[in-house]
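The block underneath contains the structure these notes are about, expressed in structure tokens.
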Amino acid sequence: MTSDVGTSQWVAAFRRRVRRWYRLHGRELPWKEDADPYSVWVREIMLQQTTVAAVVPYLEKFLDEFPTVTSLAQASEEAVLRVWEGLGYYSRARNLHRAATMIVEEWEGVWPRSADAIECLPGVGRYTASAIASFAFDEAAPIVEANTLRLYSRLLGMVDDPARASGQKQLWAFAERVVPPARPGQFNQALMDLGATVCRSEPLCEECPVRLNCQAFRLGITSRVPMRRRRARITELHETAVVIKRSGDVLMIRYSEEGRWPGLWGFPLISRARGETLDQPTTILDLVREMRARGIDIEFCRQLGEFRHGVTRFRIHLQAADVSWVDGEWNGGERAEWIPIDELSRRPLSVPGRQVAQWIRKPA
DNA sequence: AATACGGGGCA
DNA sequence: TGCCCAGTATT
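Under the numbering used here, the residue at position 83 of the first sequence is numbered 83, and the numbers go up by one with no gaps.
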């Protein structure tokens, strides 16, 4: 019956159907058997707002490089960011590193077992804490994330905005009711697999083991539940990455905490007006002036390349300028270093930064 | 309550 | 292209 969503009878039948479906159709994820708290933690952080396909190679490399929480704590933040490079949301990597230090120094490397305690770690919110507690420590902790949010919303026939406080409250309350005392981690995994493969954005209801438990299915509103959120408008940015060379070295800055890519290294970026390009003398004059304002006299050589890159709600139209140093020191505010070109691979760069670095080696 | 934070996968 | 992704922290 669907009229009794959440009652104990409903929950019992729901759990049975989900478990059975999972035995037959659950995803074969590479970490399926790995319940070690450290690796659960690392992968849950990586999976925040990031697809499984994107995470797999990064997780393998990360655990290879930092196999234990101690090794992670002992590493430099830059080394951690270097392994994270290209995965995005870099504050995750920095929080991971900080949290490793906390675990080692304050807790002597021993994990707290409860979700509440785990949630004290930086970068760990309610979902991630529950995931770790249920996967690694068999705590019956409820989860709500992208996959389960869709699933629960539809089961409940929830027409409220799931992002709002009242929607969130209903979803977490539902999660608390369905998570079972026995093997809660496996059950949570089953819920996510069901959400990911069947209760997708465009749901495959004919394959769903719990469609008769689903209010949205019964009402024929699965395509409108959960309510979609409208996206933020994209802002176009036109920027120039300035590659300043001085006898085999290139000037790199460490992006500050306030702006984009905090903690990553990169090239000085200046903005252009829309339509300005490096084949225009006025653009080049602007470039020279902008760099002089940051302490460095340069001579423009040529354009290195150009491409488009999306970062959160911005789309950056990037051109790179190959220039040579004439005089002066960087006083643009950021930490700066002259780095031999063949050592760029050792620094953590953003994706556009890495692209520009490739152009330096092999001009496009 | 709204916004910032990245980048890739896929139709 | 546009939508979506095992969210969290900050304003």
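Beta carbons: idealized from backbone N, C-alpha and C, even for Gly.
By the Cβ criterion, the segment 328-335 is in contact with the segment 251-262, since at least three pairs of Cβ atoms, one from each stretch, lie closer than 8 Å. CA-CA distance, S71 to R292, rounds to 43 Å. Residue environment: Q355 is assigned as buried (16 or more neighbouring CB atoms within 10 Å of its CB, all protein chains considered). Contact annotation, V210 with A216: C-beta distance approximately 11 Å; criterion of less than 8 Å not satisfied. Between the C-alpha atoms of F314 and I234 there is a straight-line separation of about 5 Å. Leaving aside the five residues that flank M192 on each side, the residues in its chain whose CB is nearer than 8 Å to its CB run, in chain order, I143, E145, N147 and T148.
Judged by pairs of C-beta atoms under 8 Å, the segment 274-293 touches the segment 303-323, as three or more such pairs exist.
In the three-state reduction of the DSSP assignment, W10 falls in the helix class, which pools H, G and I.
Looking at the backbone, the Cα of D286 and that of W265 are separated by about 24 Å. Under the DSSP assignment, G305 falls in the beta strand (DSSP E) whose first and last residues are I296 to V311. By the CB criterion at 7 Å, V179 and A129 fall outside the cutoff.
A direct Cα-Cα distance of roughly 12 Å separates W31 from P37. By the Cβ-count criterion, L81 is buried, with 16 or more other Cβ atoms from all chains shown falling within 10 Å of its own Cβ. When I360, N213, L59 and T240 are compared, the shortest CA-CA separation from F14 is found for N213. For W111, no beta strand (DSSP E) encloses it, and the DSSP letter there is neither H nor E.
Within the segment 77-131, the alpha helix (DSSP H) runs of at least 4 residues that lie entirely inside it are, in chain order, 77-84, 91-106 and 115-118.
A straight-line Cα-Cα distance of about 8 Å links S166 and D160.
In the structure shown, the three-state DSSP call for K32 is coil. Distance between R246 and L121, taken at the CA atoms: about 43 Å. In the displayed model, S201 falls within coil according to three-state DSSP, outside both helix and strand.
In this structure, Q49 and Y89 form a Cβ contact; the two beta carbons are roughly 6 Å apart against a cut-off of 8 Å. In the structure shown, E337 falls within a strand segment according to DSSP collapsed to helix, strand and coil.
Taking 7 Å as the cut-off, the Cβ atoms of I341 and I298 do not count as close. Per DSSP, the unbroken beta strand (DSSP E) holding A241 starts and ends at T235 to R246.
In the structure shown, the three-state DSSP call for Q319 is strand.
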